[in-house]
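Structure record follows, encoded as structure tokens.
Numbering (mature numbering (1 follows the signal peptide of the UniProt record, and there is no 0)), first residue to last: -22 to -1, 1 to 328.
Here it is as structure tokens:
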């Protein structure tokens, strides 16, 4: 067994250096593609990843139809949680668009992938995932393309975050080429030109997950303040950075949940203090729990968690973190879990 594995490893090494009989691997890109195919197949033994440990960290190549339908992808679909057939409210269309658009816009702002590639990858992923999702639910439940339908929103948000996670976890390049459209007028087809894109050098790859989370949360919070700021439904107003007490912070989180409910994101929700503040008169050291019943991302959130995706589609938690920062607090820890039809977010402030 050991001899057989050793011969296999030697064979793969020869393939990597382009001298394997039966394979034509003349250039670096083909070698990278060859190893990408190996490391992206979940059915292969873990020992194969030892061939070139750095290759598994290479920047994500454009996804292929084969990758979305390989044995690993099909097995994952069978094993992950099935979408629940539960009654959920319709989402407000503008709010649903806000959640999707904020996530897309931040991916673009961070300069981690050519956005023409992102669009192709997103298309292939949602095309591969849609039919199994609909089949699991049964006929007539999903209104394809309708973001107000919680079944469809659950699916499309999952597909978007599956695409973003694939990019973020594959060591995105700091510099890349992107096809950008030049508008020539209403009756003239767009012209596409290649543009060199350089990421802000201070945003290193180890910061991308936290940057994406924080920026998406801030975009959602800013828009909610813009819409509801002068209405009876507005978030409690405090001077920026004023560090109000735990009761005031709890009231802010409670009202934020109400804004999500107003927009049809969940059936019900509640904010609670799980651990009291360590400093009287402030929320420092306090842990808050935010619970949503039957949220619009119930299945997608569970599926991403099952796949151990580091970037969840936890819109409420992202926005809560942005709100806490606006009040002058630092979120020292946060977590997300699902129990039945409930989504439970925990965050501890400092």
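Heads up, the beta-carbon is just placed ideally off N, CA and C, and yes, glycines get one too.
Cross-strand partners of residue i (DSSP beta bridge)
i: residue 267; result: 250, 324
i: residue 158; result: 171
i: residue 317; result: 320
i: residue 153; result: 176
Euclidean distance between Cα positions of residue i and residue j
i: residue 160; j: residue 81; result: 24 Å
i: residue 212; j: residue 56; result: 43 Å
i: residue 26; j: residue 323; result: In this predicted model, residue 26 has a pLDDT of only 29, less than 50, meaning its place in the structure is not dependable; the value taken from the coordinates is given anyway. So the two alpha carbons sit approximately 37 Å from each other.
i: residue -16; j: residue 148; result: Here residue -16 scores only 42 on pLDDT, less than 50, and its place in the model should not be relied on; the value that follows carries that caveat. Roughly 29 Å between the two C-alpha positions.
i: residue 146; j: residue 98; result: 16 Å
i: residue 206; j: residue 41; result: 40 Å
i: residue 153; j: residue 187; result: 18 Å
i: residue 219; j: residue 290; result: 27 Å
i: residue 325; j: residue 123; result: 34 Å
i: residue 246; j: residue 231; result: 14 Å
i: residue 357; j: residue 170; result: Lying before the first or after the last residue shown, residue 357 is absent from the chain, which here runs from -22 to 328.
i: residue 48; j: residue 86; result: 28 Å
i: residue 243; j: residue 199; result: 15 Å
i: residue 302; j: residue 204; result: 18 Å
i: residue 266; j: residue 228; result: 8 Å
i: residue 67; j: residue 288; result: 28 Å
i: residue 180; j: residue 196; result: 19 Å
i: residue 133; j: residue 59; result: 13 Å
i: residue 45; j: residue 264; result: 44 Å
i: residue 62; j: residue 217; result: 42 Å
Three-way DSSP call (helix, strand, coil) for residue i in this model
i: residue 310; result: strand
i: residue 201; result: helix
i: residue 129; result: helix
i: residue 193; result: helix
i: residue 176; result: strand
i: residue 91; result: coil
i: residue 119; result: coil
i: residue 67; result: coil
i: residue 124; result: coil
i: residue 58; result: coil
i: residue 1; result: At residue 1, the pLDDT of 26 sits below 50, so the modelled position is not reliable and the matter cannot be decided from this model.
i: residue 214; result: coil
i: residue 181; result: coil
Where residue i falls, given that 16 or more other Cβ within 10 Å makes a residue buried
i: residue 194; result: buried
i: residue 385; result: Residue 385 is absent from the model: the chain starts at -22 and stops at 328.
i: residue 208; result: exposed
i: residue 174; result: exposed
i: residue 185; result: exposed
i: residue 128; result: buried
i: residue 354; result: Since the first residue of the chain shown is -22 and the last is 328, residue 354 is not available in this structure.
i: residue 366; result: No information on residue 366 is available, as it lies outside the stretch -22 to 328 that the chain covers here.
i: residue 225; result: exposed
i: residue 280; result: buried
i: residue 318; result: exposed
i: residue 304; result: buried
i: residue 308; result: exposed
Short CB-CB distance (under 8 Å) between residue i and chain C
i: residue 291; result: No chain C appears in the structure shown, which is made up of a single protein chain.
Cβ pair count under 8 Å reaching 3, the stretch 91 to 104 against the stretch 306 to 320: Cβ pair count under 8 Å is below three, so no.
Touching or not, the stretch 242 to 254 and the stretch 104 to 112, by the rule of three or more beta carbon pairs under 8 Å? no
Examine the Cβ distances between the stretch 224 to 241 and the stretch 296 to 307 and report whether three or more of them are shorter than 8 Å. yes
Given 8 Å as the limit, is there contact between the stretch 265 to 281 and the stretch 62 to 82, that is, 3 or more CB pairs closer than that? yes
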